[in-house]
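For the working numbering, count along the sequence shown from 1 and bump the result up by 6.
Glycine residues also receive a C-beta, built at the ideal position from the N, C-alpha and C atoms.
All values reported here derive from a predicted model rather than from experimental measurement.
Have a look at the structure below before the remarks.
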Amino acid sequence: MSGFKERMNRLRGGGSNSGSEIPEALADEASAAAIEEELLRSEGEKLAAKSAAAMPDLSEQEPGVDPEEAVWRQMGVILRQTDKGCYLQRRIQYPGVFSHGTHTLNEWRSAEEGLRKFHGSRGEIGEEAILYLDLETTGLGSGTGNVPFMVGLAYMESGFWVVEQNLIRHPSEERAMLHELALRIGRCSHLATYNGKSFDWPLVKSRMIMNAIPLPSEEPAHLDFLHPSRSIWRNTLPSLKLSYVEEERLGIQREEDVPGSLAPSLYFQYLASGDPSPLEGVFRHNESDLLSLVCLSVRFGLLLSGEIFNRIPYPEEAEELVRCGLWLEKMGLASLAEPLYLLAEGKEADSSLWLKLAERDKKAGNFERAVLLWQKVVCISGSRIGPDAQEACVQLSMYFEHRVKDLQQGLLFAEMALRGAEERETLLKRGEKRKHDAVGMRARVERLRRKAGVQHHLECGE
């Protein structure tokens, strides 16, 4: 890292004092809302001060060593020089036996078969063919003013898991960093992210285009683990942020973690002061995100491999059991879903969940359980026919009319649904519609009464 300070000053465009101002090109591109909010700024300053206090003054211990270079060295950051330019890089190797929460990294091998089901037509994934991606950016939007100042990667290399973090200190370094990223993406068959389909990957492609970097001729198959997380945990976790998912479902506890929302503020503090200390927490946060992403892929891979009753715990709440089963069915694994539904039946849950499972059973032709679930919803409602009970009554009315040919039972449930609709009719604003409003239910009741009357006359021989 000889000449490290001089090169950094040259890239900033001035002498030793030029680091006191944020580079104009990067500041113009930044999302102002993300860095100007008072709360984030004050919290960022506190974290920056704490990081600076914790970082030893290596310049005093090693005469002749530039203070900034000493801090980078302490953080394990080196200068990465390429034919397109330079940027900073930090690499950490982890053995497969490394445990992050409830999973070890080498469990990925057992999860690989299950992970194929996300993109079955693309064949095997392979340990060294999947790339995990997580960005830290100057803002939260997806516009051209949002710059990824840190590109975090995780991948398998020579039997070790590698976390690689690439950082730019100036817009002129972005092209070199993205060029190396494009080369690595070109060597992988699968890309793994968390909300990457909506944020990380579109932003990477946009920045590559702006830097005249050719996009990969064939995009890697994308595994975005936000989507299965949303399918399974949307109603059982307070948030679907990776930090919540990892703590509640992967047993990962972070200590003194820098919130991702503070990363832009800390980055701009570094640019203004020239002191890298505030970025230590950003590096740690990004590193934890990547390790958690690998372990989350292990969890879903094992789930898709049928290990829910063996190597991973099954959900305790009925809501999660049903939603997990529905997701497994969506992935083509109905045989793994049914045991979860059976477990859910013996637990308490909101009536809307039983309606969802009954809808699934109706589509699958399992009317025996669907009827029991609809009846369960009606019983839960008691004397008050709420929206869920009304929907269950409508489904029961149709079932008895069309499948059992029992018009009296069909009429009974239709009248119950009508009663519920009429109870709410006075509460609705004029012109407001419901899926099964009172008008539609009255028509159904009248039709069934006429139909039942005709049947009664025929049975009596009149």
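Check	Outcome
Since Leu310 and Gly120 should fall inside the 8 Å C-beta cutoff, what is the C-beta to C-beta distance between them, to a whole number of angstroms?	3 Å
Which of helix, strand or coil does DSSP assign to Ile136?	strand
With a threshold of 6 Å on Cβ separation, who are the neighbours of Ala423 within its own chain once the five nearest residues in sequence on each side are excluded?	Gln396, Cys399, Val400, Met447
Give a yes or no on whether the C-beta atoms belonging to Gly165 and Gln259 are separated by under 9 Å.	no
For Glu539, which residues from the same chain have a beta carbon less than 8 Å from its beta carbon, with the 5 sequence-adjacent residues on both sides left out?	With the chain covering 7 to 468 only, the question about residue 539 has no answer from this structure.
Specify the secondary structure class of Tyr161 as computed by DSSP and reduced to three states.	strand
According to the neighbour-count rule (16 or more other Cβ atoms, all chains shown, within 10 Å of its Cβ), is Glu224 buried or exposed?	exposed
Who does Tyr93 pair with in a DSSP beta bridge?	Arg86
Three or more beta-carbon pairs under 8 Å between the region 87-106 and the region 286-299, yes or no?	yes
Rounded to the nearest angstrom, what separates Ala227 and Ser212 at their Cα positions?	18 Å
For a quick check, are the C-beta atoms of Val157 and Tyr100 less than 9 Å apart?	no
I need the straight-line Cα distance from His442 to Ser357, nearest angstrom please.	Only weak support is given to the placement of His442: the predicted model assigns it a pLDDT of 47, under 50, and the question is left unresolved by the model.
Using C-beta distances below 7 Å, list every residue in its chain close to Ala449, excluding the 5 sequence neighbours before and after it, in chain order.	none
With a threshold of 7 Å on Cβ separation, who are the neighbours of Ala182 within its own chain once the five nearest residues in sequence on each side are excluded?	Thr88, Lys90, Gly91, Cys92, Tyr93
When DSSP labels each residue in this structure, what does Ser389 get in the three-state scheme?	coil
Buried or exposed, going by whether 16 or more other CB atoms sit within 10 Å of the CB of Gly426?	buried
Give the DSSP-derived three-state secondary structure of Lys457 in the structure shown.	helix
Could you tell me which residues DSSP pairs with Ser105 in its beta bridges?	Thr110
Let me know the secondary structure DSSP gives Gln259 once reduced to three states.	coil
Going straight from the alpha carbon of Arg236 to that of Tyr200, what length do you get?	11 Å
If I follow the unbroken alpha helix (DSSP H) through Leu285, where does it start and stop?	285-310
Measure the C-alpha to C-alpha separation of Lys382 and Leu359 and round it to an integer number of angstroms.	11 Å
For the alpha helix (DSSP H) containing Asp230, list its first residue and its last residue.	Premise fails: Asp230 lies in the beta strand (DSSP E), 227-230, not in any alpha helix (DSSP H).
Just to check my reading of the structure: Val304 and Ala117 have Cβ atoms closer than 8 Å, yes? What is that Cβ distance to the nearest angstrom?	5 Å
Can you tell me whether Arg453 is buried or exposed? The criterion is at least 16 other CB atoms within 10 Å of its CB, across all chains shown.	exposed
Since Arg317 and Leu308 should fall inside the 8 Å C-beta cutoff, what is the C-beta to C-beta distance between them, to a whole number of angstroms?	6 Å
With a threshold of 16 other CB atoms inside 10 Å of the CB of Gly257, please say whether the residue is buried or exposed.	exposed
Could you give the first and the last residue of the continuous beta strand (DSSP E) run that contains Phe419?	Looking at the DSSP string, Phe419 is not in any beta strand (DSSP E); the run it does join, the alpha helix (DSSP H), is 413-431.
Comparing C-alpha positions only, which one of Gly147, Glu163, Ala135 sits nearest to Gly102?	Glu163
Determine the DSSP secondary structure at Val153, reduced to helix, strand or coil.	coil
Going by beta carbon distance, what residues of the same chain come within less than 6 Å of Gly82, once the five residues before and after it are set aside?	Arg96
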